[in-house]
Each structure stands twice: as structure tokens, then as C-alpha cells.
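Each remark here refers to the structure printed beneath this line.
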Amino acid sequence: MKTPIAAAALAFALLCGASPALATTKWPNGAKAAVVLTYDDALTSQLDHAVPLLNQAGFKGTFFLSSVKQPDLPRWRAAAAEGHELGNHTIFHPCSAASFPADPRYTSEAYTTASMLKEIEQQNVLLTAIDGKPRHGMATPCGQSVAGGIDYLEALRKADLVTYVRGVDVTPDDLRADASKLDLMHVPARGFPESATGRDLIAFAEQGRDGGGLAVFLFHGVAGDYLQVSGDAHRALVEWLAAHRKEVWVTTLQQALDWAKAHP
Ligand SMILES: [Zn+2]
């Protein structure tokens with residue numbers, strides 16, 4: 077039974093718009109939260125350093141492929157066969173011209189909604205050729221969903237080309253949210269600066285665990301390439317997750333979302 081004080085506190089929290097921390101997602105095997113490790117841009121350092129470490133720990137990661145390098149194809153195919161998820165990150169990774177120097181034809185200003193969707197559709201074909209799966213999730217390049225000045229997410233939702241869209245912004249409330257109610261076109265994730273330590277990464281996993289929701293990490297290079305997480309920090313996170321595997325379910329983004337939707 078609620079005490080008058082507890083009821084008043086709850087009413088106050090609701091009035092203030094604060095989350096009363098009532099996450100209802102029941103994660104498998106009594107896990108308190110789901111943690112997902114995602115890696116963008118099909119970087120070779122991910123194949124060199126992330127995939128082997130995840131395999132060693134028995135974890136599956138999610139890799140959003142863009143501008144795939146031909147020599148890496150056999151290793152992406154092997155990673156998919158090992159149970160890692162491959163996702164769509166477009167073919168040419170169009171971002172706004174202000175994001176970084178790029179050929180003007182491959183900036184999002186040069187795209188239309190139709191050409192963007194066509195590119196996403198074609199990257200799906202490549203992914204299916206690699207992993208044999210009929211459907212894929214997606215991460216927007218640079219976390220931007222604009223083509224020629226127009227947000228294309230609703231057109232993408234309507235076209236039903238991808239199973240979900242991962243963005244880049246996460247709030248503390250997201251980590252406490254009921255993942256079954258997540259808008260699949262707006263799945264939040266958190267990136268980290270290159271200076272991030274293992275402790276910084278673990279702190280986010282702990283927030284996810286304590287919130288009861290879904291904590292999605294966003295990485296680029298791993299001990300190499302660009303926007304990199306150091307090998308030590310990445311390893312410290314994976315070791316922490318391995319030591320807390322009863323508390324946090326480490327899985328692919330597709331599996332976490334499928335589970336949440338099936339267990340509201
Ligand atoms: Zn990217």
C-alpha cells in the first residue's frame with residue numbers, strides 16, 4: 077500500500093514531468109537492463125579489435141556498415157555468421173556540408189528524400205548479400221536525417237525499408253524509459269570523446285543498469301582509425317560487462333528491440 081508521503085512524492089514527480097523510474101521492460105533471465113554495443117562506418121579496426129574481443133566474451137555487437145572496403149568483406153561475412161548484427165549506414169555516408177569536408181555530391185544537401193531512400197535500399201541489398209538476412213536496422217550518418225533540407229525519417233518509416241533507426245542523442249530519461257514504447261525511428265545512443273576512459277564507459281553501462289532500460293553505446297574506431305575509443309577503455313568496458321552479465325543483457329540492437337516489443 078502506498079503511504080500518503082509516497083503517493084504525494086509520485087504525484088509531485090508526475091506534475092513536474094520527472095520520470096518516476098517505473099521501467100517495465102522485463103529483460104530475459106532477470107537482467108536489469110539491456111546494453112548494446114554499436115560500431116559505425118565499417119572500420120577495419122573494429123574487425124581487428126572489437127569483433128575478436130566480443131567473441132572472446134561471448135557477446136554480439138551491432139555494426140553499421142557504410143563504404144565497405146572490399147578486402148574486409150570476408151571478415152564482415154564471418155562476423156555476421158558468428159551472430160553479430162550488420163546494419164545499414166547508407167553507402168556514401170552523406171552528412172551536412174558543415175559536418176566534415178566531403179565531395180559536394182555526397183553531402184546531404186545534394187540529396188533528395190527519394191535519392192536517400194534509394195541509397196538505403198541499395199545498401200540493404202549489399203547487407204543481404206553479406207549476411208543473408210532479409211531485413212536490417214539502420215543508423216543515420218552523423219546522426220542526421222536530412223536530405224536536401226528535409227527530414228526523411230517519416231518517409232523512411234512509410235517506405236518500411238529498415239527495422240529501426242539509431243540516432244546519436246540519449247538523455248537520462250531514455251535510460252529509464254520503457255523500451256517497448258520506443259519509437260523505432262528514434263533509437264537513442266551515446267557516443268564518447270576520444271579521451272573517454274574505461275571508467276567513463278562503465279559509468280554509462282551502470283546508468284543503464286540502474287535505469288532498467290536500454291543503454292546503447294556508439295563507437296567508431298577501436299584502438300585505431302578515427303573518433304577512436306582506446307583499446308584499454310574498450311577492453312575495460314567489455315570486461316565489466318562480462319563480470320556483470322547476470323545484471324545486464326549484452327545483445328544486438330535488433331534483438332534488444334525485438335525483445336522489448338514482445339515483452340511490454
Ligand atoms: Zn557514420
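Here the sequence shown is numbered in the working numbering, starting from 77 and rising by one per residue.
Quick reminder that beta carbons are idealized off the backbone N, C-alpha and C, glycines included.
Contact between Val238 and Ile196 holds, since their C-beta atoms are separated by about 7 Å, short of 8 Å. In this model, Ala312 and Ala279 are separated by some 11 Å (Cα to Cα).
Around the CB of Val324, 16 or more other CB atoms lie within 10 Å, so the residue is classed as buried. In this structure, ligand 1 has no non-hydrogen atom nearer than 7 Å to the beta-carbon of His310. Taking Lys257 as reference, the option from Asp286, Tyr182, Trp335 and Ala223 with the minimal CA-CA separation is Trp335. At least one heavy atom of ligand 1 lies less than 7 Å from the C-beta of Ser142. By the 16-neighbour rule on beta-carbons within 10 angstroms, Ser142 is buried. A direct Cα-Cα distance of roughly 27 Å separates Thr189 from Asp207. Counting only the Cα atoms, Phe140 lies some 17 Å from Val326.
Following the DSSP letters along the chain, one finds Ala291 inside the beta strand (DSSP E) bounded by residues Leu290 to Phe295. Taking a C-beta distance under 8 Å as the contact criterion, Val246 and Gly219 do not qualify as a contact pair. In the structure shown, Glu161 adopts extended strand secondary structure according to DSSP, grouped into three states. Taken through DSSP and simplified to helix, strand or coil, Ala110 comes out as strand. Proximity of the segment 108-118 to the segment 290-305 meets the contact definition, three or more beta-carbon pairs being nearer than 8 Å.
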